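Below you'll find the structure, written out as structure tokens, and then a few comments.
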Amino acid sequence: MTDKPLLEITDLDVTYRDRSLLGFGGRTFHAVKGANLVIRAGETLGLVGESGSGKSSIANTVLGLVPASGGSIRFGDVDLAAMKTRYPPAVRSRIQAVFQDPYSSLNASMTVEAIVTEPLRVHTAMNRAERRDRAVELLKLVSLSEEHLTRHPHQFSGGQRQRIAIASALALQPKLIVLDEPVSALDVSTQNQIINLLYERREELGIAYLLIAHDLALVHHISDRIAVMYLGHIVEEGPSDRVYRAPAHPYTKALLDAVPLLDPAAQRRRRAARKIAPAQDATRVAETGCPYRNRCPSAMARCAQHMPPAYPVEGGGTASCFLLAPDTGGETPGEAA
1 MTDKPLLEIT
11 DLDVTYRDRS
21 LLGFGGRTFH
31 AVKGANLVIR
41 AGETLGLVGE
51 SGSGKSSIAN
61 TVLGLVPASG
71 GSIRFGDVDL
81 AAMKTRYPPA
91 VRSRIQAVFQ
101 DPYSSLNASM
111 TVEAIVTEPL
121 RVHTAMNRAE
131 RRDRAVELLK
141 LVSLSEEHLT
151 RHPHQFSGGQ
161 RQRIAIASAL
171 ALQPKLIVLD
181 EPVSALDVST
191 QNQIINLLYE
201 RREELGIAYL
211 LIAHDLALVH
221 HISDRIAVMY
231 LGHIVEEGPS
241 DRVYRAPAHP
251 YTKALLDAVP
261 LLDPAAQRRR
271 RAARKIAPAQ
281 DATRVAETGC
291 PYRNRCPSAM
301 ARCAQHMPPA
311 YPVEGGGTAS
321 CFLLAPDTGG
331 ETPGEAA
């Protein structure tokens, strides 16, 4: 990996308008607020959080499917956020995606050969024979074979369909692949197979991944760095092992607490030790203060008044929490919980 960023997201804002029944007016909903992320060549950044946290909004903005409302997304020397039209071919060929549902992301009327070679047909001058040869190579990369080329998506299992989607994403030798919940629709054993496959291809081909998921344990397995989102904010980021083994933000700790333990007694003790309030509606969160304060067992008065800055964390990375401030101002953690 190189220290130079492949993708650098700075102060990214993404907003949606909640339209009225008549199609106009409505409220503005801030899905992403001031997000800052960096992905280097050959690196995997895991972006985790609950549903509605803004993870997919960041992914869709990077892919050009949703416009940015503010900030920048630099991919090499290009600011993707400044583009008002569809990405040019030179950019689209270098950024690919694998989506959550392998049942709907593949065209049911197309053969595997047509699906995998579609990017080659659009973006290269390869003839049909060359595209077929490349398709065979790509299927081998995802542990499928030439005999699968003539089949249709409905003839495959969910895991095999996701392998086909990955093969298609690899076709143009991209620099970055956005993986939006790529295994959440699969059973556990198949999830592990796909994650291992993605890891092997990254090591072999030097691709960078932006991995969107809600399972922190799964993300830790493949990611170099992890960023944690809550209601549109990046609340913690850092090296994967540090975030997983020594989380600094109360929300990250709550996400880890949600990972089941094999010992039922230990699971009950952990649940009793942490009483986390129900999830909030993102459209009803106050604009001031920490967005997690109403669920946080360590909330202080200042948490309702100011958004905490990103404080450095021992072991690398940052966390936006006043518990890390050099001076708590005499407040006791939990007094406002």
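Take the sequence shown: its position 94, counting from 1, is numbered 94 in the UniProt record's numbering, and each next residue is one higher.
The C-beta atom is built at its ideal place from N, Cα and C for all residues, glycine as well.
Just so it is clear, the structure is predicted and the values come from calculations on it, not from any experiment.
Option in Val259, Val228 and Thr252 with minimal Cα separation from Gly54: Taking Gly54 as reference, the option from Val259, Val228 and Thr252 with the minimal CA-CA separation is Val228.
Residues bridged to Gln96 [DSSP beta-bridge criterion]: Answer by DSSP bridge pairing, in chain order: Ile177.
8 Å Cβ cutoff met for Ser69 and Asp13: Cβ atoms of Ser69 and Asp13: closer than 8 Å.
Rounded C-alpha distance that separates Gly34 from Leu231: Going by the C-alpha atoms only, they are around 12 Å apart.
Beta-carbon separation (whole angstroms), Ala310 vs Ile212, contact threshold 8 Å: A Cβ-Cβ distance of about 21 Å is found for the pair Ala310 and Ile212, leaving them out of contact under the 8 Å criterion.
Thr288, buried or exposed, once every other Cβ within 10 Å from all chains shown has been counted against 16: Flag for Thr288 reads exposed.
Proximity to Phe156 [Cα-Cα], best of Tyr103, Val136, Pro308 and His233: Answer by Cα proximity: Tyr103.
Arg86, buried or exposed, once every other Cβ within 10 Å from all chains shown has been counted against 16: With fewer than 16 other Cβ atoms within 10 Å, it is exposed.
Inter-residue CB distance, Ala208 and Glu43 (contact presumed, cutoff 8 Å): At roughly 5 Å, the Cβ-Cβ gap stays under 8 Å, so Ala208 and Glu43 are in contact.
Proximity below 8 Å, CB of Tyr244 to CB of His220: Closer than 8 Å, so yes.
Glu113, buried or exposed, once every other Cβ within 10 Å from all chains shown has been counted against 16: When all chains shown are included, Glu113 counts as buried.
Contiguous alpha helix (DSSP H) assignments of at least 4 residues, all confined to the stretch 51–85: Within the stretch 51–85, the complete alpha helix (DSSP H) segments of 4 residues or longer fall at 55–62, listed in chain order.
Status (buried if at least 16 other CB within 10 Å, exposed otherwise) for Val48: Label assigned to Val48: buried.
Option in Ser320, Ala125 and Glu50 with minimal Cα separation from Leu255: Closest option to Leu255, Cα to Cα, is Glu50.
Proximity below 8 Å, CB of Leu172 to CB of Ser93: Contact annotation: Leu172 and Ser93 have beta-carbon atoms nearer than 8 Å.
Burial state of Ser56 (16 or more Cβ within 10 Å): Buried is the label assigned to Ser56, since at least 16 other Cβ atoms lie within 10 Å of its Cβ.
Residue environment, His306, which counts as buried when at least 16 other CB atoms sit within 10 Å: Counting of Cβ neighbours within 10 angstroms places His306 among the exposed residues, the total staying below 16.
Exposure label - Ser168; buried when at least 16 CB within 10 Å: Buried, since its Cβ has 16 or more Cβ neighbours within 10 Å.
Presumed contact (8 Å Cβ cut-off) between Ile39 and Leu7, rounded CB distance: Between Leu7 and Ile39 the Cβ distance is about 4 Å, and since that is below 8 Å, they are a contact.
Unbroken alpha helix (DSSP H) run spanning Arg242, endpoints: Per DSSP, Arg242 belongs to the alpha helix (DSSP H) from Ser240 to Arg245.
Ala147 - containing beta strand (DSSP E), residue span: Per the sequence shown, the amino acid found at residue 147 is Glu instead of Ala. Here Glu147 belongs to no beta strand (DSSP E), and DSSP marks it neither H nor E.
Pairwise C-alpha distance: Thr61 and Pro67: Between Pro67 and Thr61, the C-alpha separation is close to 6 Å.
For Lys33, three-class secondary structure by DSSP: Secondary structure of Lys33 (DSSP, three-state): strand.
Which residues DSSP lists as bridging Ala319, in chain order: Ala319 is bridged to Glu236 and Tyr311.
Gly46 - partner residues in DSSP beta bridges: In DSSP, Gly46 forms a bridge with Leu211 and Ile226.
Between the CA atoms of His123 and Pro89 - distance to the nearest angstrom: Going by C-alpha positions, Pro89 is about 7 Å away from His123.
Whole-angstrom distance between Val142 and Thr28, CA atom to CA atom: Cα to Cα, the separation comes out at about 42 Å.
C-alpha gap between Arg128 and Lys175, whole angstroms: Roughly 25 Å between the two C-alpha positions.
Simplified DSSP state of Asp18, which is helix, strand or coil: If DSSP states are grouped into helix, strand and coil, Asp18 belongs with the strands.
Spatial distance of Leu144 from Phe99 (CA atoms): Roughly 19 Å between the two C-alpha positions.
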